[in-house]
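Single-structure report; data block below.
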Amino acid sequence: MTAIDANLFLAVAAIVFVIGAVGLLTRRNALVMFMCVELMLNAVNLTFVTFSRELDDIGGQVTVFFTMVVAAAEVCVGLAIIVAIFRRRRGATADDLNLMKG
Amino acid sequence: MPFVRPSVDWYAIAPEIAIFGAGLLIVAFAAVTHRAPILARLHLWVALTGVAVAGAFIFPIWHRWNEGLEAVERVPSYTTLNGAVSIDGASIFLKVVVLVAVVLGILVSWSYLKRENLEKPEYLALLLFSASGMLMMTSANDLVVVFVSLEILSISLYVLAAFQRAKATSQEAAIKYFVLGAFSSAIFLYGVALVYGATGSTNLARISAVINQSQLQGSTYDTKLILVGIMLLLVGLGFKVAAVPFHMWTPDVYQGAPTPVTGFMAAGAKIAAFAALLRAFSVSFQGNQDDWRPALWAVTVLTLVVASAVALVQSNVKRMLAYSSISHAGYMLVGVQVATVKGTAAVLTYLFVYTFLTLGTFTVVTLMAREGDEGHELTDYRGLAAREPLLAKLLTLFLLAQAGIPLTSGFIAKLKIFEAAVDREVYSLAIIGMLASVVAAFVYLRLIVTMFTGSGIDEHPDPADDAARGTHGGGTAVAIAAPPRVKVDLASGIVLALAAAVTIFVGILPNELLEFAERAVF
């Protein structure tokens with residue numbers, strides 16, 4: 017078994033995080049925006065686990081559980097808001113949300 | 163290795179438990195009963211009792227802290243739950259401020275909910291859940307606890323923003339708040355991960371120890387990694403306090419959310435986020451302040467300048483108040499940027515003053531709006547002084563205080579901030595802050611002048627006058643039918659009286675508050 021450099025994990029996590037962040041800012045579909053938030057949070061989880069292993073400290077892995085619970089709660093609320101909007105007007109694109117500007 | 167159970171000082175987290183318990187009680191009760199108006203009143207009393215119990219539980223904590231303060235050899239602050247929760251002066255002070263915001267928030271909401279026919283128990287429960295997150299955040303001494311309490315308060319606020327479901331603007335506010343809130347939380351969490359990777363701990367006290375040690379003995383950790391982490395934390399919290407350039411969501415959310423929710427969120431979320439900012443930056447990252455202070459300087463200057471300038475061109479009162487709350491965040495950021503004890507005390511004072519001012523202002527705006535929560539355009543405030551002399555006078559008081567006119571609480575708060583900046587020799591921020599407050603004064607005066615012009619009843623607005631103000635309806639001389647007078651109910655009356663009393667009292671006799679704030683630093 018060959019050991020894999022921890023920096024590779026961190027690099028993958030960073031790339032996934034950036035993909036999520038860019039996706040959130042550029043995609044217009046609310047559901048895809050949600051998926052991008054999940055990507056970002058999971059990239060953070062990967063970072064935590066990698067550091068946890070590197071530092072030989074269990075704290076980082078425990079944090080991942082907190083993140084997952086929070087992510088689940090966030091999605092529940094987010095989907096509920098989307099459903100509420102979807103009931104009023106068909107389609108869930110961010111471009112329609114333009115009542116307020118200034 | 164045997165598992166060691168961390169010691170739990172239940173008193174330290176009793177206020178949070180009381181508030182959260184009251185919220186759960188309301189939810190459980192509502193689940194098994196019919197929805198009748200009499201029960202709605204019961205829910206209100208449960209909520210208020212919960213807040214009162216939480217307030218009562220602050221006394222033993224305060225007592226213990228105060229004893230430690232008097233015995234010189236003992237450090238007044240203490241931690242519990244394996245160092246994750248810290249009880250110190252600042253957390254006790256801010257817990258009191260949060261509870262004030264909750265009580266005022268509940269009272270303002272009450273008449274609003276009745277008016278809009280939204281008397282649902284979920285509203286109060288969500289408000290209390292959000293408040294428990296805010297309370298937790300004031301004493302969070304571990305970045306993971308900061309994150310979790312930030313989410314507890316934010317997720318409840320997302321739902322509250324969407325509470326007026328029938329209104330498209332309320333929904334739009336909720337989704338915008340949600341997407342940007344989730345985005346900022348993810349950024350904040352990535353910052354936590356990087357700081358953890360650099361220092362090996364998420365505990366703020368241990369992070370601070372690692373930083374200080376490496377300042378003495380040369381770097382023992384990855385300095386670049388921790389700096390990136392700290393910057394990400396700054397961005398994440400910058401979103402929450404609505405600092406420029408992370409403020410894009412604020413005007414839309416403030417405008418679209420139900421007005422009492424806007425008031426509560428403006429006060430509560432800011433208190434919590436500034437508690438975390440102070441604890442993380444002014445205390446724990448004290449050791450490498452030379453690295454992050456320039457970045458925070460830039461954010462502060464941007465916030466002060468942009469908020470005051472953009473507020474000038476707003477035609478919607480709620481949007482205008484949103485920009486004014488951004489500019490208040492700018493002043494408080496000055497207190498964080500100086501990274502001194504004086505700065506921290508100034509921020510605490512400002513938060514106390516700001517809570518009463520914001521909730522007072524939004525109470526008037528709520529009452530003014532009448533049914534449907536419409537009528538927030540600047541033109542709707544024409545002639546308010548003639549129609550509603552009392553409300554107009556109170557709003558004038560709150561706006562003058564926000565502008566920082568002497569003999570009001572706002573003046574004292576701003577003065578302390580500038581004092582802290584001058585003390586640390588950050589003259590640039592003091593000067594920019596003073597100039598920005600001059601510009602901001604125009605914003606408030608514009609609204610005040612609008613209120614005191616026109617009779618308000620059956621008037622024919624002068625087209626030229628309207629066009630000069632850049633408001634809607636220029637050129638159309640519409641006869642406005644006299645709207646019924648606003649009825650100020652008891653709950654809103656209490657909020658208004660309390661906010662006005664504190665605004666004047668602190669403005670004239672600020673010593674009590676200032677002394678407490680100075681003693682209450684970490």
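Those protein sequence lines, which keep their order, are chains A and B. Count along the first sequence starting at 1, add 16, and that's the number in the working numbering. Count along the second sequence starting at 1, add 162, and that's the number in the working numbering. In this text, a Cβ means the ideal position worked out from N, Cα and C, and glycines have one as well.
- Does the beta carbon of V60/A come closer than 8 Å to any beta carbon on chain B? Interface residue (Cβ-Cβ distance to chain B less than 8 Å): V60/A is classified as such.
- Query: In angstroms, rounded to a whole number, what distance separates the CA positions of G391/B and Y339/B?
  - Reply: G391/B and Y339/B have their alpha carbons spaced roughly 24 Å apart.
- Item | Counted within 10 angstroms of its Cβ, other Cβ atoms place G380/B as buried (16 or more) or exposed | So G380/B ends up on the exposed side.
- Item | For S332/B and T412/B, the rounded distance between their alpha carbons | If you draw a straight line from the Cα of T412/B to the Cα of S332/B, it comes to about 13 Å.
- Excluding the five sequence neighbours on either side, which residues of its own chain have a C-beta within less than 6 Å of the C-beta of N365/B, listed in chain order? Answer for N365/B: G245, D304, listed in chain order.
- Message: Short of 8 Å Cβ to Cβ, which residues in the stretch 324-358 of chain B face chain A?
- Response: Taking 8 Å as the Cβ-Cβ cut-off, the stretch 324-358 of chain B approaches chain A at A324, R327, A330, T331, Q333, E334, A335, A336, I337, K338, F340, V341, A344, F345, S347, A348, I349, L351, Y352, V354, A355, L356, Y358, given in chain order.
- According to DSSP, is N228/B helix, strand or coil? In the three-state reduction of the DSSP assignment, N228/B falls in the helix class.
- Give the interface partners of A88/A over in chain B, defined as CB-CB distance under 8 Å, in chain order. Listed along chain B, no residue sits closer than 8 Å to A88/A by beta-carbon distance, the nearest being about 11 Å off.
- Query: Can T506/B and L440/B be called in contact, C-beta distance under 8 Å?
  - Reply: Yes, the pair counts as a contact, with Cβ atoms nearer than the cut-off.
- Query: What are the start and end residues of each continuous alpha helix (DSSP H) run of 4 or more residues lying completely inside the stretch 361-421 of chain B, in chain order?
  - Reply: With a minimum length of 4 residues, the unbroken runs of alpha helix (DSSP H) contained wholly in the stretch 361-421 of chain B fall at 366-379, 385-403, 411-418.
- Extent of the continuous alpha helix (DSSP H) to which S316/B belongs: In the DSSP annotation of this structure, the continuous segment of the alpha helix (DSSP H) that includes S316/B starts and ends at 305-323.
- chain B within 8 Å of F79/A, Cβ atoms only: Note on identity: in this sequence residue 79/A is Thr, with Phe being the wrong assignment. Yes, T79/A counts as interfacial toward chain B.
- Task: Say whether chain A places a C-beta atom closer than 8 Å to the C-beta of E284/B.
- Result: At a cut-off of 8 Å between beta-carbon atoms, E284/B makes no contact with chain A.
- Item | Within chain B, the residues that M56/A reaches when beta carbons sit closer than 7 Å | Per Cβ cutoff of 7 Å: A348.
- Item | Buried or exposed by the 16-neighbour rule on C-beta atoms within 10 Å, applied to L591/B | Buried.
- Message: Strictly by DSSP, which residues pair up with I249/B?
- Response: Answer is Y240/B.
- Looking at the structure shown, is E539/B part of a helix, part of a strand, or coil, going by DSSP? Look at E539/B here: in three-state DSSP terms it is strand.
- Going by CA-CA distance only, name the one from K504/B, G545/B, T528/B that's closest to R586/B. Among K504/B, G545/B, T528/B, the Cα nearest to that of R586/B is on K504/B.
- Message: Check whether chain A comes within 8 Å of Q417/B, counting only Cβ atoms and requiring the distance to be less than that.
- Response: It does: the Cβ of Q417/B has a partner Cβ on chain A nearer than 8 Å.
- Message: Quick check on this structure: which residue in E90/A, M116/A, F102/A has the alpha carbon closest to the alpha carbon of A348/B?
- Response: Ranked by Cα distance from A348/B, the first of E90/A, M116/A, F102/A is E90/A.
- Message: With DSSP as the reference, identify every bridge partner of A302/B, one or two as the case may be.
- Response: Answer is V247/B, bridged to A302/B.
- Query: Going by Cα to Cα distance, which pick from G522/B, R368/B, M296/B is closest to L266/B?
  - Reply: Out of G522/B, R368/B, M296/B, G522/B has the C-alpha closest to the C-alpha of L266/B.
- Item | Exposed unless 16 or more other CB atoms sit within 10 angstroms - verdict on G362/B | Here G362/B is buried: its Cβ has 16 or more other Cβ atoms, across all protein chains shown, within 10 Å.
- Task: Could you pull out every residue in the same chain whose Cβ sits closer than 7 Å to the Cβ of G76/A, ignoring the five residues on either side in sequence?
- Result: Counting only residues of its own chain and dropping the five nearest sequence neighbours on each side, G76/A has a CB closer than 7 Å to the CB of F64, V65, F67, S68.
- C-alpha gap between L24/A and F426/B, whole angstroms: So the two alpha carbons sit approximately 45 Å from each other.
- For chain A, find out if any of its Cβ atoms is closer than 8 Å to the Cβ of Y274/B; answer yes or no. Judged by the 8 Å Cβ criterion, Y274/B is not in contact with chain A.
- Query: Is it right to say H205/B is buried, meaning 16 or more other beta carbons lie within 10 angstroms of its own, or is it exposed?
  - Reply: Burial state of H205/B is buried, judged by a 10 Å Cβ sphere holding 16 or more other Cβ atoms.
- Message: With a threshold of 8 Å between beta carbons, is F25/A in contact with chain E?
- Response: Although the question refers to chain E, the structure presented lacks it and instead comprises the protein chains A and B.
- Message: Please report the distance separating the alpha-carbon of I200/B from that of P283/B.
- Response: For I200/B and P283/B, the gap between their C-alpha atoms comes out near 12 Å.
- Message: Please list, in chain order, the chain B residues whose beta carbon lies closer than 8 Å to that of L95/A.
- Response: Close to L95/A, with beta-carbon spacing below 8 Å, lies no residue of chain B; the smallest spacing is near 10 Å.
- Message: Please classify V247/B as buried or exposed, where buried requires at least 16 neighbouring CB atoms within 10 angstroms.
- Response: Buried, by the Cβ-count rule.
- Query: Relative to chain B, which residues along the stretch 35-53 of chain A have a C-beta separation below 9 Å, given in chain order?
  - Reply: Of all residues in the stretch 35-53 of chain A, G36, A37, L40, L41, A46, M49, F50, C52, V53 have a Cβ within less than 9 Å of some Cβ in chain B.
- Sort G497/B, V215/B, A330/B, G359/B by Cα distance to L71/A and report the nearest one. Among G497/B, V215/B, A330/B, G359/B, the Cα nearest to that of L71/A is on G359/B.
- Which one or two residues does DSSP pair with N478/B in a beta bridge? According to DSSP, N478/B bridges with E539/B.
- Query: Since I20/A meets chain B, which of its residues come closer than 7 Å, beta carbon to beta carbon?
  - Reply: For a Cβ distance threshold of 7 Å, nothing in chain B lies close to I20/A: the least Cβ distance comes to about 17 Å.
- Message: Please classify I20/A as buried or exposed, where buried requires at least 16 neighbouring CB atoms within 10 angstroms.
- Response: Result: exposed.
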